[in-house]
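Structure, as C-alpha cells:
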Amino acid sequence: MVVENSIFFAAVEERLREGERVTIVLRGTSMRPTLCEGDKITVAPLETDPQVGDVVLFRYAGWHLLHRVIAIEGDLYTMQGDNCYGTETAPRRDIVARLVAAHNRDGRAFRVGDPAWERLSQRSLRRKRLRNTAIRLFGRKGRRKLRPWYFALLAILMLAPLNGLGVPLDNYILGLRLDHLLHASVYIPIALFLVDLAPRRRWWLMWLLSCAIALATEGGQWLLPYRGFDINDMVANLIGASLSWTALEVFLHHIRKK
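Heads up: the sequence shown begins at 2 in this note's numbering, then just goes up one per residue.
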C-alpha cells in the first residue's frame, strides 16, 4: 500500500510528539555518502535545540527533509544536504526531530555521536567542501568568470615569445615528447569553457570550433618570426581538444545514468 507523503509524516510527527523514536527508510540522495537511499534511519524528538552539525528532520516547502544544520541565526536554522550545493532555511518550529541512529544497506549500524559516525560525517563534509569548491569554480557562473582568463592564457602560451625561456621541452615522458604533452594538456579544459555556448544537441559545432582554435593557434606561429610551426604540435592541440569533449560527454553520460 502506498501512503501519501503528507499522511505518512503526519503520523511520524504524531509519534514524535508522544515522545517516541521513529525508524523510517530514507529516500533520495541528498545526504550521500553519509546516508544513502534505502538506509534505515531513526529520529528522536528534540530534547534540546539543534546545534550546528546535527542532522535533523524538518518541514520545508511542503516536504519533510533530513539535512545537516550548517548555521544558526536567532530562530532561523540553515540546513544543507551532504550531497547538496543549495541550502534551506527554516524556523526552529519547523524542525521536528534529530537523527540518532542509522542502519546502512550494507549492514553497518551507526549511533550519532559515536566515533564511527563522526568519522563518516567528517569524510562526507570534506567531500562536500571539495565538491562545492569545484562547483564554485567550474559551475556555470564560475566558468563564465574564468572563460576570458583561460583563452587569454591560451593565447599567451601559443603566441607569446616564450622560446627563450630556456626550458627543455624535447624530453620524453612514456615515449611522448614533453612539448607535445603540454600542447595537448592546455586544450583539455576547452570544453568546460565552450559547453555553455553550444546549441542544444549540437556539441559537434563546439568541437569543430575547438579544433579551429587549436589549428589557428599553432598555424599562427608560422607567421611569427619568434615562434616555430610544428605539425606535431598542431596534432597534439587537436588531440587535446578532442579529448576534452570526449571526457565531458563521458562524465555527463555517467551523471545521467545515476
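Ideal Cβ positions, reconstructed from N, Cα and C, are used throughout, including at glycine.
Residue i (DSSP reduced to helix, strand or coil)
i, result
"residue 61", "strand"
"residue 239", "helix"
"residue 189", "coil"
"residue 166", "Unreliable placement is indicated for residue 166, whose pLDDT of 49 sits below 50; the coordinate value is still reported in the next sentence. Helix, per DSSP."
"residue 16", "helix"
"residue 106", "coil"
"residue 153", "helix"
"residue 196", "helix"
"residue 128", "helix"
"residue 92", "strand"
"residue 52", "coil"
"residue 144", "helix"
"residue 306", "Any answer about residue 306 is impossible in this case: the structure gives the chain only from 2 up to 259."
"residue 74", "strand"
"residue 111", "strand"
Residue closest to residue i, alpha-carbon to alpha-carbon, out of the options
i, options, result
"residue 37", "16, 237, 135, 84", "84"
"residue 89", "125, 49, 31", "31"
"residue 149", "185, 118, 195, 230", "195"
"residue 155", "107, 191, 74", "191"
"residue 183", "91, 35, 241", "241"
"residue 62", "87, 91, 51, 53", "91"
"residue 127", "223, 161, 245, 33", "33"
"residue 125", "82, 21, 113", "82"
"residue 8", "95, 141, 65, 51", "65"
"residue 185", "11, 205, 232, 115", "232"
Beta carbon of residue i nearer than 8 Å to that of residue j
i, j, result
"residue 55", "residue 99", "yes"
"residue 198", "residue 144", "no"
"residue 14", "residue 97", "yes"
"residue 80", "residue 111", "no"
"residue 244", "residue 189", "yes"
"residue 158", "residue 225", "no"
"residue 49", "residue 122", "no"
"residue 133", "residue 78", "no"
"residue 213", "residue 238", "no"
Rounded distance between the beta-carbons of residue j and residue i, thought under 8 Å
i, j, result
"residue 75", "residue 46", "Incorrect: roughly 22 Å between the Cβ atoms, too far for contact."
"residue 200", "residue 206", "6 Å"
**Message:** Tell me whether the stretch 15-27 and the stretch 36-49 touch, counting them as touching only if at least three CB pairs, one residue from each stretch, are closer than 8 Å.
**Reply:** Segment contact: the stretch 15-27 against the stretch 36-49, three or more CB-CB distances shorter than 8 Å; contact assigned.
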